[in-house]
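Data block below; observations after.
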Amino acid sequence: MNAQLSAFRESKSDDRRFYIFSPTKTLHLKTDSKEDRVAWIEALILARSFYSLRSLSGRITFVQSDVSVSTARLRNRMQQHGLNESLIQECEQIVLTEFSSFRKQLKLCYEDQLSLFGSCRHHFEEGKDASIIQGALTRNDFSSSRHGNFSEYSTTESDEFEKQDGADLTCEDESTFFDAADYFIEPNDRSSAMLSSTSCGEGLLDIQMEDSSHLLPQIKRRSKLPEPTEKERGISLWSIIKDSVGKDLTRVCLPVYFNEPLSSLQKGFEDLEYSHLLDQAYQYGKMGNSLMRILKVAAFAVSGYASSVARPCKPFNPLLGETYEADFPERGVRFFAEKVSHHPMLIACHCEGKGWKFWGDSNLKSKFWGQSIQVDPIGVLTVEFDDGDIFQWSKVTTTIHNLILGKLYCSHHGTMHIKGNRQYSCKLKFKEPSLLDRNPHLVQGFVEDDDGNKASFLIGKWDENMYYSNLDTSKVKSVDQLKGAVLLWEKNKPSPNPTRYNLSSFAITLNELSPDLQDKLPPTDSRLRPDQRHLENGEYEKANAEKLRLERRQRMSSKLQDNGWKPRWFQQDGEDGTYRFKGGYWEAREHGQWDDCLDIFGENKSQVNEKDIIVTSNFVTQVFTCWESIQTRQ
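Structure representation (structure tokens):
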């Protein structure tokens, strides 16, 4: 019996009697003495307050995150048997890994129980029938209105309540008597639950992920960009447009003041800032909870838009063949991306996580509307879990507003379909903004099974958080109007050093280049791009000069692609298929084998223009003429 849904009452006519009322049954209990009854009531109230669902996320830690596991006894025993150090360390790592896995599974089981209690409590408080929970409870015919709103604890002035309640009992819900020494066991109603997650949000799962962090290497990354060496000049897009009248727009080079020190390849990895959602989705799937898995995948699909708020600058367009790697062992992910085509511009990426893989390619189609630009992403993003579960979706439309006048901002709108290959799929609607909209950035949707039945509903904002609920959210304008909603994802706190680019703490680390890393990177990595590096250092004049030089070289990429150039690390599935990672990059990185990688950022010594050839030829002719005259004089 769940204490959260029950009321406790004493009988004044009998010092040894007390009653426990729940929505399904009434227990009449009799103790051996008055003191025993007091002890029972105090214990029940204490249990209720300790497991209060209202503040559960802040109170229950379940397993302390600082619990240490000692392998000293195992090490000593193995040393006594003469085993070498490498084998001992391997055995210790196996023990720690298995222990961490067991703790993960234990917490997920515990979390599912708490989720069920939270869902029940919400529906009972609303006075609704338990059938709304869709099988989460056994099908007992009852109404919570029989005892009114259950109080925390009360004492009856007489036994009239007992008599009245006894008369109301049916043969199916018969009064049951227990002595204080007896015990009762609540049947397990969790096996048939359709929706199984936690009512306390991310608390327990966050602890769960932190508990295994001691098995991952801890890497310290930078928290701010370098101080600029030059003072930035103010510049307006309108003045550039006026100066470009009558010029070939394909040869107009925008100054670096409109860029942020990141490439589009690095922006692709920024979309995986909340990759822990996929880690959690993988764990839920292992526990057999397919519904929570797709809810976490949906939250991940929305979370990629959170970094686009108040980002006034555009990323650098990568050169053909430009690559970017991100090895973040402290997150358990490894990412790689490459620009695989110049016309049309295509970027392909591949990421490996703990139990999942993520890949996709992206092309952009844009429309200019005078004061705004509409960008429609073309491409499919895929997440595949190790158990064969696959989810695919495409990004929604992005519009950049106030290009000429006013404050620059972006909005995301449209419908996102997340298609699964098994039981569930998801549909999310990104609300299009309007002038009178009081609730911008709203995202609403639902999860449905193969038969078209809606299993859960989602609501939130793409720049703040996402929640799920058993109740229909289509007519709700904000999550504040929805009781019992459960948090799936919440945006991280802003960086204390965002600079004028308004980068998040995660984005600040993406272009970091340490001496050790520089020796391992191929010459095509975005971190080695000179104009981007100069911009990050605040060397604006050098950045503009390098950007102009590289864009001139980039115009040769079409000819290079027409002559049969192929991506180095990706290949296309069929003529119109998605670009997939071929592999081999991380092996080449380990051995430093970059001989077949072009130096796309350096001076192209193999290309000499016609004017340079004429000048060089004239100079050689003059040298030979001078040498012949000297020989004649001798």
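Residue numbers for the sequence shown follow full-length UniProt numbering, so the first one is 1 and each next one is one higher.
From the three backbone atoms N, C-alpha and C, an ideal C-beta is built for every residue, glycine too.
{"Check": "From the DSSP output, which residues share a beta bridge with Leu364?", "Outcome": "Pro377"}
{"Check": "Express the C-alpha separation of Tyr467 and Arg48 in angstroms, rounding to a whole number.", "Outcome": "26 Å"}
{"Check": "Per DSSP, what are the beta-bridge partners of Cys91 in this structure?", "Outcome": "Note: Cys91 sits in no beta bridge, so no partner."}
{"Check": "Do you know how far the Cα of His591 is from the Cα of Glu92?", "Outcome": "29 Å"}
{"Check": "His350 bridges to which residues according to DSSP?", "Outcome": "Phe336 and Trp359"}
{"Check": "With a 10 Å radius around its C-beta and 16 neighbouring C-beta atoms as the bar for buried, classify Phe385 as buried or exposed.", "Outcome": "buried"}
{"Check": "Which whole-angstrom value describes the C-beta separation of Tyr324 and Asp525, a residue pair presumed to lie in contact below a C-beta threshold of 8 Å?", "Outcome": "6 Å"}
{"Check": "Can you tell me where the alpha helix (DSSP H) with Arg533 in it begins and where it stops?", "Outcome": "Pro530 to Glu536"}
{"Check": "Taking only the alpha-carbon atoms, compute the straight-line gap between Ser504 and Arg422 and give it to the nearest angstrom.", "Outcome": "36 Å"}
{"Check": "Restricting to Cα atoms, I'd like to know which of Leu550, Ala543 and Arg73 is closest to Thr229.", "Outcome": "Ala543"}
{"Check": "What are the boundary residues of the beta strand (DSSP E) that includes His417?", "Outcome": "Tyr409 to Gly420"}
{"Check": "Using a Cβ-Cβ cut-off of 8 Å (strictly less than) and excluding sequence neighbours within five positions of Pro315, which residues of its own chain qualify?", "Outcome": "Asn259, Glu260, Leu262, Ser263, Ser264, Gln266 and Lys267"}
{"Check": "Have a look at Gly574 and Leu436 and give me their C-alpha separation to the nearest angstrom.", "Outcome": "47 Å"}
{"Check": "Taking a contact to mean a Cβ-Cβ separation below 8 Å, would you say Val302 touches Trp462 in this structure?", "Outcome": "yes"}
{"Check": "Compute the Euclidean distance between the alpha carbons of Asp450 and Arg549, then round it to the nearest angstrom.", "Outcome": "54 Å"}
{"Check": "Starting from the C-beta of Tyr305, find all residues in its chain whose C-beta is less than 6 Å away, skip the five residues before and the five after it, and write them out in chain order.", "Outcome": "His412 and Trp462"}
{"Check": "Nearest by alpha-carbon distance to Ile378: which of Gly360, Lys286, Arg529 and Arg221 is it?", "Outcome": "Gly360"}
{"Check": "Per DSSP, which one or two residues make a beta bridge with Leu488?", "Outcome": "For Leu488, which the question treats as bridged, DSSP gives no partner whatsoever."}
{"Check": "Quick one: grab the DSSP three-state call for Glu448.", "Outcome": "strand"}
{"Check": "On the three-state DSSP scale, how would you describe Asp525?", "Outcome": "strand"}
{"Check": "Counting only the same chain and skipping the five closest in sequence on each side, list residues whose C-beta sits under 6 Å from that of Phe430.", "Outcome": "Val396, His412, His413, Gly414 and Val443"}
{"Check": "Where does Thr97 sit, in a helix, a strand or coil, going by DSSP?", "Outcome": "helix"}
{"Check": "Distance check for Ser22 and Asp14, CA to CA, integer angstroms please.", "Outcome": "21 Å"}
{"Check": "Does the distance from the C-beta atom of His342 to that of Ser558 stay below 8 Å?", "Outcome": "yes"}
{"Check": "Check this for me: beta carbons of Ser434 and Glu448, under 8 Å apart or not?", "Outcome": "no"}
{"Check": "Look at Tyr501 and Leu346 and say whether their C-beta atoms are less than 8 Å apart.", "Outcome": "no"}
{"Check": "Between which two residues does the alpha helix (DSSP H) containing Phe506 stretch?", "Outcome": "Ser505 to Ile508"}
{"Check": "Express the C-alpha separation of Leu44 and Asp271 in angstroms, rounding to a whole number.", "Outcome": "48 Å"}
{"Check": "Alpha carbons only, please: which of Leu458, Val309 and Trp489 is nearest the one belonging to Leu482?", "Outcome": "Leu458"}
{"Check": "Counting beta carbon pairs with one atom in the segment 392-407 and one in the segment 363-380, are three or more of them shorter than 8 Å?", "Outcome": "yes"}
{"Check": "Secondary structure at Ala326, three-state DSSP: helix, strand or coil?", "Outcome": "strand"}
{"Check": "If you draw a straight line from the C-alpha of Thr26 to the C-alpha of Glu10, how long is it?", "Outcome": "13 Å"}
{"Check": "Classify Gln593 as buried or exposed, calling it buried when 16 or more other Cβ atoms lie within 10 Å of its own Cβ.", "Outcome": "exposed"}
{"Check": "Given that a residue counts as buried once 16 or more other Cβ atoms are within 10 Å of its Cβ, and exposed if not, what is Ser469?", "Outcome": "buried"}
{"Check": "At what residue ranges does the segment 247-291 contain a whole run of the beta strand (DSSP E), taking only runs of 3 or more?", "Outcome": "259-263"}
{"Check": "Alpha helix (DSSP H) containing Leu225: first to last residue?", "Outcome": "Taken as a continuous stretch (DSSP letters only), Leu225 belongs to no alpha helix (DSSP H), as it is neither H nor E."}
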